[in-house]
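Undergrad: Count along the sequence shown from 1, then add 1169; that gives the number in the working numbering. Backbone N, C-alpha and C define an ideal beta-carbon position, used for all residues, glycine too. Here it is: the structure, laid out below.
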Amino acid sequence: MAKARSVSSTASTVALLGTLALAACSSVTPPTAQSIAGLSPDGRVTMNETFVLGFAKGSGTLDFQGQTYPFTVLGTVVGPGVGYSKIKAGGEVYKLTKVADFPGRYIQGTGPAGLAKAGSGDLWLQNSSGVIMHLRDTETGAILSLGRDAILIRMASQ
């Protein structure tokens, strides 16, 4: 019984990561500083992710309207997925009017291709609800990326 659950869980995770990889190839226009020009942040996020061989898993919190909401993160790096990296990121959330708009697939397409170096992250991510995150990271290790990455955020209660 436990083995069947483990296989089912593994299959679900593989399917989810495949979906994220396809999402990273989507035609969503990547957000930039101009995307939020003149806007005040609606919230703040902090997150920790560990990337190994092109896949990421982590957790974080969203601070929004005086409340703190925990969430989980799964992600992919499009490309060969070489490397190991631990990322601690934090930043502002824009265009968020309700917590229900926060979870979902976020696409980042503004990063350069190549080998990322520690502490080099300035990430702009956007989901299909139009929510934009501007994250700054401090990372350990290095990871190869083609500059088109995706993460999936789920609220901890989901």
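(1) Just the Cα atoms here: how many angstroms apart are SER1326 and ASP1211?
(2) Tell me whether VAL1300 sits in a helix, a strand or coil according to DSSP, three-state version.
(3) Does the separation of the CB atoms of GLY1260 and ARG1323 fall below 8 Å?
(4) Using the Cα positions of ASP1270 and SER1209, report the straight-line distance between them to the nearest angstrom.
(5) Ends of the beta strand (DSSP E) at SER1228?
(6) So, for VAL1268: in the same chain, excluding its five sequence neighbours on each side, which residues have a beta-carbon less than 7 Å away from its beta-carbon?
(7) Using 10 angstroms around the beta-carbon of GLY1207, count the other beta-carbons present and answer buried if the total reaches 16, otherwise exposed.
(8) What residues match up with ASP1211 in a beta bridge as DSSP calls it?
TA: With the given structure in hand:
(1) About 21 Å.
(2) In the displayed model, VAL1300 falls within coil according to three-state DSSP, outside both helix and strand.
(3) No. Outside cutoff.
(4) Spanning the two alpha carbons is a distance of roughly 17 Å.
(5) For SER1228, the uninterrupted beta strand (DSSP E) segment begins and ends at 1224 to 1233.
(6) Scanning its chain for C-beta atoms nearer than 7 Å, with the 5 sequence neighbours on each side dropped, one finds around VAL1268 the residues PHE1233 and TYR1238, in chain order.
(7) Burial is judged here by how many other beta carbons sit within 10 angstroms of a residue's own beta carbon; GLY1207 has fewer than 16 and is exposed.
(8) ASP1211 pairs with nothing; no bridge assigned.
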